[in-house]
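A quick write-up on the structure given underneath.
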Ligand SMILES: [Zn+2]
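Residue numbers (my numbering), protein chains in the order written: chain W, 204 to 538; chain X, 2 to 807.
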């Protein structure tokens, strides 16, 4: 019995030293000191001991009982004191266990956004080869050999008739060759030109758009691109169309948006014009339709193309285009 | 093209602000890129009053002037004799860059400080007088800008012309557009020529032997000219748009080139042998020294202008040294011609020569404008160089231009543009730029474009003119009405999206690198000479050494990106790239393009934090990423094999890399980059990569996902800890267990793999937890024990393993 009492004392004190909740302390109090508790049990059993041992054990049992009662009182007091201290608990300001966020390249994010906008308008997303034949990259786009407009694009050549595509426009031709109107498609991808400076990289990204149907007009082109600009930038962004020239569209237009930096007031980014050029567009030239065998009496259509880098740089305030292809992880993690 | 506003005003009355004009031009398709002040260089030249002149102590011809320049007195050293006390003179303040290119500085001149410079008319670019300082009128106030005091103002516009508008490569062309915009008249120069003396045909002749290259060739003869500097008006006109003045005769040809857009050439008539012109193609290999002093080898499809014996000019591109107008020249033959644009373009391109002349010829000049430009040049030469003109003109015109008549439908125009313009409105627009329009009926116009509009051939070309003259901003914005159609997205789009999401979720960031790489990349990767990745597509005109071939692997891009980041002290890297690789197939045909997805992980396994110290990434980390990607795509039966040999993957470290399969289809590999390859990229930290063929992956993806039922009864697990040879692959054991066909085995978990004490050398301990469960009932302990014992026995026997004592 003596050993048992000693064991109870030791065990209970050890337990109280551990980090316990209020409920746990109370439960232990019942377990040891309650009416059916271990100490009470011992005291009850004293009567079953031989007469000569009873006083000694009784004394011991009461001593243990008092000791534990005191210990539990102290534990409860400490607990409530701890509760009241404001700095108690854990330091919730320490950072959580980090889970690294991977990011998609800003070009991918902008491309997806553009594709999504046109997908919602029923445009199908299509791709094409990066290395193209002279036919798809130039000729079928009404850019015959010896045409001065070929100077507009400095081309990387693989061989006489094979080039790195200088724009994503060949996707239009490949699409029209495969099916008859109505066509609504958007073709994102890489393009290449012999050009490298603060605003050009020899590889860049474009998204190409095409809609062909009966009665598609220049006014409709304005409408579609206005929807695009309002979703890509915001509803209040002004948009303007001005005449330009592309061999594969006629009439052709450059599309400017109100400078997103200065809101049209004029700043360094927009060369103090208040406008930023972001798109080239126009009505598909009948010569292009002839190459793919469309009935030019029946169908009209519009096409447009835009540089992704330019939009990404405007959207994210990237000043040097080369940052996009250095792939510095500190840069990539910003998106 | 650069145009000066004051020059333009010779042809059209501009009564709007220059910025308004620039905007209007931009909105009709002539994009004005910049508007600058012609006299900006004189901004820091001010009016000064000479208050005192004293002799220079160290130089007889110099004097020291004390000048009141408004803000105070300046001491300026000057050498001109014409100045007097009280004169008002132009003072270039230090920092001024004069038109001659000289920058004025504060400096000691023969020991005396000079705080500026007094300028002559010539030094300011305002006239011919070089001898003395320009004396300004008495009304000028010291300190004001000379520009203001002399009312100097002119504006330069830089216009970015599109290649179709060759008609605007001239002042008259641009003035014509302005006249249409401002609804003004266009004033052509009035040309009155003397009747001339001896007939030109008596003195010279022109023979066109190659009419397919030269459609028209006209010439006039002026004799007795005196070559010298051009008058100030002519020089300043040319200089205002950045052209250098050469001599009066050449300056006139350049002036008319700019005015009419018709390139002209002046020959020294006495240097033409036999005094005649022959237009023919060059002989193959014929040598010819052009005006720039370069000896060029010609080919048989190039057009040359010859005298009776030899070439004297490369037609439409550049003149020859042997017939150049020089100081002694007395007699001039002026050429004005129309050459086949394609022929000029080929010649210029072949010789790498681009001149003002070739630029215009290859875009097409006005075949009808040949004579007026010639006459204008003759008139101006007589005025500036004197001499007398021969009677008549030579005009060989073997291929006369026919004027096209284009039938334009009003309704079709409105359908394309989305407008509701009347026939009259359309006719008005076209008429404003000198197109001849006849309205045949309500819907049809007969339109004859002038010959200088070589770009107007088809009805759609006219529709564009209508749109641009109406103003794109006036065309109503509408929305197309289209039938509802929808196609399923091409397979690679959602699959790419899924892979990107898995990778970003695993902490990988996407990089994009150039598709062209350095040729040495294959060597760096130790790829063997017969490997398909050596079948590189070569770029004929690469920009740099590092971009000469199209990539056949994404790994060099990943490693080079790591090098860049390491140089920036970014040691921890989790990156991936998705993109194409290219394989050469046959000469002059499209190469094979394959889409890959590849990743790289180096440095720490987790982000550094206070929770745990940094641990370094290992093979199983990157393998986990691959497993997650493939699982996300629902690729069936994915497994990893130890490569039989490393021929396909020589850049991976032996024993630490695996090939990835779906069933028997090879998808790619995962592993550690070998030390030798790291060295080739100047790297020294462990790098783990994966490299997957996305196109093959796409073909393996199972789109079917189906739900299976699962048991409602509790599971029972039993452990099996084995000691076996460390060469035994764990997957073999799990495959064996699964292969036993025991339906009650629900799942096998590997929960411990261990080598080292107390396990004997050459052995390892592998512990499995087998989870048993029945779909029909709660399993009895005894039943499971029997089964587990039976299975254990089979495994021990099959793999010659022992049970690990617990
Ligand atoms: Zn701005």
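Cβ coordinates follow ideal geometry from the N, Cα and C atoms, glycine included.
Query	Result
Range of the contiguous alpha helix (DSSP H) that encloses residue 241 of chain X	233-241
Near-chain X residues of the segment 392-403 of chain W - C-beta to any C-beta below 9 angstroms	393, 395, 397, 398, 399
Chain-ordered chain W contacts of residue 544 of chain X [CB-CB under 7 angstroms]	397, 399, 405
Continuous beta strand (DSSP E) stretch holding residue 288 of chain X: start and end	288-290
Within chain W, the residues that residue 610 of chain X reaches when beta carbons sit closer than 8 angstroms	298, 300, 301
Three or more C-beta pairs below 8 angstroms linking the segment 56-75 of chain X and the segment 31-44 of chain X	no
Per-residue DSSP class, three states only, for residue 224 of chain W	coil
Classification of residue 748 of chain X by the beta-carbon crowding that lies within 10 angstroms, buried from 16 upward	exposed
Beta-bridge partners of residue 63 of chain X, as assigned by DSSP	Beta-bridge pairing links residue 63 of chain X to no other residue.
Straight-line Cα distance separating residue 631 of chain X from residue 706 of chain X	14 angstroms
Residue 602 of chain X - containing beta strand (DSSP E), residue span	593-603
Best match in X:508, X:145, X:420 for proximity to residue 479 of chain X [C-alpha to C-alpha]	X:420
Element boundaries [beta strand (DSSP E), containing residue 79 of chain X]	74-79
Residue from W:271, W:220, W:256 whose Cα sits closest to the Cα of residue 235 of chain W	W:271
For residue 360 of chain X, the nearest candidate out of X:602, X:258, X:279, X:313 (CA to CA)	X:258
8 angstroms Cβ cutoff met for residue 317 of chain W and residue 334 of chain W	no
Interface positions of the segment 459-471 of chain X facing chain W (Cβ-Cβ less than 8 angstroms), listed along the chain	459, 461, 462, 464, 465, 468, 469
Burial state of residue 370 of chain W, where buried means 16 or more other Cβ atoms lie within 10 Å	buried
Under 8 angstroms from the C-beta of residue 360 of chain W: neighbouring residues of chain X	540, 541, 542
Straight-line gap, residue 290 of chain X to residue 269 of chain X (C-alpha atoms, nearest Å)	16 angstroms
Chain W contact for residue 76 of chain X (CB, 8 angstroms cutoff)	no
Proximal chain W residues relative to residue 28 of chain X, where beta-carbon distance stays under 7 angstroms	445
Chain-ordered neighbours of residue 523 of chain W on chain X, where CB pairs are closer than 7 angstroms	Simply none; closest approach about 15 angstroms.
Top-ranked residue by Cα proximity to residue 617 of chain X, from X:795, X:219, X:89, X:687	X:687
Check: residue 472 of chain W C-beta below 7 angstroms from any heavy atom of ligand 1	yes
Cutoff 8 angstroms: residue 349 of chain X Cβ touching any chain W Cβ	no
Neighbouring residues, chain W, relative to residue 20 of chain X (Cβ below 9 angstroms)	Simply none; closest approach about 10 angstroms.
Opening and closing residue of the alpha helix (DSSP H) in which residue 28 of chain X lies	19-28
Backbone secondary structure at residue 382 of chain W - three-state DSSP	coil
Check: residue 477 of chain W C-beta below 7 angstroms from any heavy atom of ligand 1	yes
Spatially closest choice to residue 808 of chain X from X:584, X:142, X:603, by CA coordinates	No information on residue 808 of chain X is available, as it lies outside the stretch 2 to 807 that chain X covers here.
Inter-residue spacing [alpha-carbon to alpha-carbon] between residue 268 of chain W and residue 242 of chain W	6 angstroms
beta-carbon residue 286 of chain X near ligand 1 non-hydrogen atom, thresh 7 angstroms	no
Exposed unless 16 or more other CB atoms sit within 10 angstroms - verdict on residue 725 of chain X	buried
Any C-beta of chain X under 8 angstroms from that of residue 512 of chain W	no
Any non-hydrogen atom of ligand 1 closer than 7 angstroms to residue 520 of chain W Cβ	no
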